[in-house]
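Engineer:
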Amino acid sequence: QPIIAAIRGFALGGGLEFALACDIRVAAEDAQLGLTEINLAIIPGGGGTQRLPRLVGRGKALEMILTGMRVPAAEALRIGLVERVVPVSELMAAAQGLARDIAAKAPIALRYAKEAVVSGLGLPLQDGIRLENDLATLLRTTEDRVEGARAFVEKRKPKWSGR
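Terminal number for the sequence shown in our numbering: 163, no gaps in between.
1. For I43, which residues of its own chain have a beta-carbon under 6 Å away from its beta-carbon, when the five flanking residues on both sides are left out?
2. Using a C-beta cutoff of 9 Å, does K157 count as contacting chain B?
3. Assuming the contact rule is C-beta atoms closer than 8 Å, A28 and V88 should be a hit. Round their C-beta distance to whole Å, please.
4. Is the separation between the beta-carbon of R33 and that of L81 shorter than 9 Å?
5. Would a C-beta distance cut-off of 9 Å place L98 and A116 closer than the cut-off?
6. If distances are taken between C-alpha atoms only, which option among I129, A136 and A19 comes closest to A109?
7. Note down the Cα distance separating Q50 from Q1, rounded to an integer number of angstroms.
8. Would you list, in sequence order, the uninterrupted beta strand (DSSP E) runs of no fewer than 3 residues that lie entirely inside the region 38 to 90?
9. Looking only at its own chain, which residues have a Cβ that is under 7 Å from the Cβ of S119, when we skip the five neighbours before and after it?
10. Does the Cβ of D144 have 16 or more other Cβ atoms within 10 Å, making it buried, or fewer, making it exposed?
11. Using a Cβ-Cβ cutoff of less than 8 Å, which residues in the same chain neighbour G47 once the five nearest sequence positions on both sides are dropped?
12. How would you write the range of the alpha helix (DSSP H) that Q126 sits in, first residue to last?
13. Report yes if the CB atom of V85 is closer than 9 Å to the CB atom of A74, and no otherwise.
14. Return the chain-ordered list of same chain residues with a C-beta closer than 6 Å to the C-beta of G13, the five sequence neighbours on each side being excluded.
15. Out of curiosity, what's the CA-to-CA distance linking G148 and R8?
16. For L33, name the three-state secondary structure that DSSP assigns.
17. In angstroms, rounded to a whole number, what distance separates the CA positions of A93 and I24?
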């Protein structure tokens, strides 16, 4: 299942590393994010040095880690560190709404889509495309694919079985 982080206030050090381990990050407008360990003469130890550059790029990750800088929510959105920024009062509703939108999709398709993205990132492009194609082919034979097509034609919400 996809994991959504709802970030409010300070997400520094381990707090940001926890959020980086999530699939999608929604931040409140007041959020400040950073890997500030360098200020204590240490480095991130929970995956931050590996996950951050995969989201924001090598240069921005190094700038953040080597300076211990804090990034406000709007900047975090601009650099791809979070996917959404919302008013503080709407944070939980936004994260829960996103979760509901995702949960309404076919479970098996969600699982394969996440596998294609997460596993594919560690593969050469052509191998990632092959993985995507293999997973898409597997989905063509599922009960949920048939139900999805039937529900579309009948103009109704699908009833997913997870098979």
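Think of the CB as a built atom: it goes at the ideal place given N, C-alpha and C, for glycine as much as any other residue.
Nothing here was measured: the structure is a model prediction, and the numbers come from that model.
Structural biologist: Reading off the structure:
1. Counted from its first residue, the sequence shown places residue 43 at position 43. Excluding sequence neighbours, I43 sits near E37.
2. Although the question refers to chain B, the structure presented lacks it and comprises just one protein chain.
3. Taking the sequence shown and counting its residues from 1, the one referred to as residue 28 is at position 28. Taking the sequence shown and counting its residues from 1, the one referred to as residue 88 is at position 88. Right, their Cβ atoms sit about 4 Å apart.
4. Here residue 33 refers to the residue found at position 33 when the sequence shown is read from its first residue. Here residue 81 refers to the residue found at position 81 when the sequence shown is read from its first residue. The residue you asked about is not Arg; residue 33 is Leu in the sequence shown. Closer than 9 Å, so yes.
5. For the purposes of this step, residue 98 is identified with residue 98 of the sequence shown, where counting begins at 1. For the purposes of this step, residue 116 is identified with residue 116 of the sequence shown, where counting begins at 1. Not closer than 9 Å, so no.
6. As a working mapping, residue 109 is identified with position 109 in the sequence shown. Ranking I129, A136 and A19 by Cα distance to A109 puts A136 first.
7. Locating residue 50 in the sequence shown gives position 50, counting from the first residue. Locating residue 1 in the sequence shown gives position 1, counting from the first residue. One C-alpha to the other measures close to 22 Å.
8. 84 to 86
9. Residue 119 sits at position 119 when you count from the first residue of the sequence shown. Taken in chain order, the residues that qualify are L131.
10. Looking up residue 144 in the sequence shown gives position 144. Looking at its Cβ environment, which holds 16 or more other Cβ atoms inside 10 Å, D144 is buried.
11. On the sequence shown, position 47 is the one that residue 47 refers to. Excluding sequence neighbours, G47 sits near E17, L20 and A21.
12. Indexing the sequence shown from 1 puts residue 126 at position 126. Here the alpha helix (DSSP H) through Q126 covers L125 to L139.
13. Position 85 of the sequence shown holds residue 85. Position 74 of the sequence shown holds residue 74. Yes; because the gap between Cβ atoms is below 9 Å, this pair is in contact.
14. What you label residue 13 is simply residue 13 of the sequence shown in a count that begins at 1. Excluding positions up to five away in sequence, the list reads T36 and E37.
15. On the sequence shown, position 148 is the one that residue 148 refers to. On the sequence shown, position 8 is the one that residue 8 refers to. Going by the C-alpha atoms only, they are around 37 Å apart.
16. For the purposes of this step, residue 33 is taken as the residue at position 33 of the sequence shown. In the structure shown, L33 sits in a strand (DSSP, three-state: E or B).
17. Numbered from its first residue, the sequence shown carries residue 93 at position 93. Numbered from its first residue, the sequence shown carries residue 24 at position 24. When rounded, the distance between both Cα atoms is 15 Å.
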